[in-house]
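Undergrad: Can you keep this structure in mind? I'll have questions shortly.
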Amino acid sequence: MADRNAPGAIEVIKVPDYEAMVIGAHPDDADFAAAGTSALWARQGKKIVWVIMTDGTEGTEVPSMVDRELMMVREQEQRLACEVLGVQAVEFLRFQDGHLVNNDETRKAVVRLIRKYRPRIVITHDPTQHIFAPDPDEEPDETAYLNHPDHRATGNIVLDAIFPAAVNPHAYRELLVEGFLPYQVHELYLFNSEHDNTYIDISETIELKARGLQCHVSQFGPQANLLEGVKRWAAETAREAQQKKGLQMQYAEGFRRIKLYIPGKEKGNQEQPSETQQEQAAH
Ligand SMILES: [Zn+2]
């Protein structure tokens, strides 16, 4: 337990170590949503870490499958996928699949990892996205998708971990003795959102994305060829990028990007205009 008498940390770290931490509820979630971006950034020499919140033990239709065996299989599949993508680290928090809740235990686990890796960007599920449903009159052959509760819980846990817990010198003081100082995340990218405002061109990593997904044999079978499907979805996102932002891409991943901290723009620090301000002034 936390020692409530311990003093808070003196320092809040704002200089990142890793470029991005990608946090998914289940093995394979981030593979669909952010694998192309992860592989692209890894190729550019940036450090990427993936985090899987649950043990994935509800992800089978085989009733005889033992939970522990499935967990180990899915973790191994996720490790292989991360290797294909060039992701440097992967962490498994092993909370029970299907039962993830936003509580002190889950938030603290994420705070520990944020303070450990110090990612500039955190990428995760959009917790505000509950229902994906087309208008039945406009698209009578389409059914709705009710976003998985673990996905929404993950989004909420991660957002609450980023602010205020990870950055607050008084929060989770017991982590200080483990060497995990408060840290300020710079940006948040939310996936599976209906409010995408940022598109990453993944044309050069689209094949890696498909190969990564194919590592999840327990989910898609040993013979799965997912390249065509992956290309179709990413081309749809690229069309959206064209319509919304006028961007020309063959294949894209879309995110709702949220800026949380701009270096040099601390409260009370008015001397230096930020890059954005300088850019705007130049136009
Ligand atoms: Zn999932």
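Residue numbers (UniProt numbering): 1 to 283.
Cβ coordinates follow ideal geometry from the N, Cα and C atoms, glycine included.
Quick one, are the C-beta atoms of Ser193 and Asp126 less than 9 Å apart?
TA: yes
Undergrad: Name the DSSP beta bridge partners of Thr198, please?
TA: Phe255
Undergrad: Would a C-beta distance cut-off of 9 Å place Leu70 and Thr54 closer than the cut-off?
TA: no
Undergrad: Which residue or residues does DSSP assign as beta-bridge partners of Trp50?
TA: Val22 and Val90
Undergrad: Could you tell me whether any non-hydrogen atom of ligand 1 is closer than 8 Å to the CB of Gln216?
TA: Sequence check: residue 216 is His here, not Gln. Answer for His216: no, Cβ out of range of ligand 1.
Undergrad: Considering only residues of the same chain and omitting the five flanking positions on each side of Arg107, which have a CB-CB separation below 8 Å?
TA: Excluding its 5 nearest sequence neighbours in each direction, Arg107 has C-beta neighbours in its own chain below 8 Å: Ile157, Asp160, Ala161 and Ala165, listed in chain order.
Undergrad: Taking a contact to mean a Cβ-Cβ separation below 9 Å, would you say Glu51 touches Met72 in this structure?
TA: Residue identity differs from the one stated: residue 51 is Val in this sequence, not Glu. Result no, Cβ atoms of Val51 and Met72 do not sit closer than 9 Å.
Undergrad: Return the chain-ordered ranges of every alpha helix (DSSP H) run that is complete within the stretch 147-224 and spans a minimum of 4 residues.
TA: 149-160, 206-214 and 217-220
Undergrad: With a cut-off of 8 Å on the beta carbons, I'd call Phe180 and Lys116 a contact; round off their distance for me.
TA: About 6 Å separates the CB atoms of Phe180 and Lys116; that is less than 8 Å, so the two are in contact.
Undergrad: Using DSSP with H/G/I as helix, E/B as strand and the rest coil, what is Val122?
TA: strand
Undergrad: May I ask whether a heavy atom of ligand 2 can be found less than 8 Å away from the beta carbon of Arg152?
TA: Among the ligands in the structure shown, ligand 2 does not appear; only ligand 1 can be found there.
Undergrad: Which residues in the same chain as Lys209 place their Cβ atom closer than 6 Å to its Cβ, once the five residues preceding and following it in sequence are excluded?
TA: Cβ neighbours of Lys209 beyond the five flanking positions: Ala35, Gly36 and Val230.
Undergrad: Between Ala25 and ligand 1, is there a pair consisting of the residue's CB and a ligand heavy atom that are separated by less than 8 Å?
TA: yes
Undergrad: Does the Cβ of Asn225 have 16 or more other Cβ atoms within 10 Å, making it buried, or fewer, making it exposed?
TA: When all chains shown are included, Asn225 counts as exposed.
Undergrad: With H, G and I counted as helix, E and B as strand and the rest as coil, what does DSSP make of Tyr117?
TA: Of the three classes helix, strand and coil, the one that applies to Tyr117 here is helix, per DSSP.
Undergrad: Starting from Gly67 and walking both ways along the alpha helix (DSSP H), at which residues does that stretch end?
TA: It should be noted that the sequence gives Asp, not Gly, for residue 67. Run containing Asp67: Asp67 to Leu85, per the alpha helix (DSSP H) assignment.
Undergrad: Enumerate in chain order the residues of its own chain whose CB-to-CB distance from Asn168 is below 7 Å, with the five nearest sequence positions on each side excluded.
TA: In its chain, beyond the 5 residues on either side, Pro182 have a beta carbon closer than 7 Å to the beta carbon of Asn168.
Undergrad: Just checking His151 against ligand 1 - is the residue's beta carbon closer than 8 Å to any of the ligand's heavy atoms?
TA: yes
Undergrad: Have a look at Asp31, Asn102, Ile258 and Leu260 and flag the residue whose alpha-carbon is nearest the alpha-carbon of Ile206.
TA: Asp31
Undergrad: In whole angstroms, what separates the C-alpha of Met249 from that of Pro149?
TA: Here the alpha carbon of Met249 sits roughly 32 Å from the alpha carbon of Pro149.
Undergrad: Counting along the chain, where does the alpha helix (DSSP H) carrying Ala34 start and finish?
TA: Careful: Ala34 lies outside any alpha helix (DSSP H) and carries neither H nor E.
Undergrad: Go through its chain and collect everything with a Cβ distance to Cys215's Cβ below 7 Å, but skip five positions before and after it.
TA: Glu77, Leu80, Ala81 and Val84
Undergrad: Which residue's Cα is closest to the Cα of His99: Arg257, Ala153 and Gln129?
TA: Ala153
Undergrad: Any heavy atom of ligand 1 closer than 8 Å to the CB of His195?
TA: no
Undergrad: Please report the straight-line C-alpha distance between Asp97 and Ile202, rounded to a whole angstrom.
TA: 30 Å
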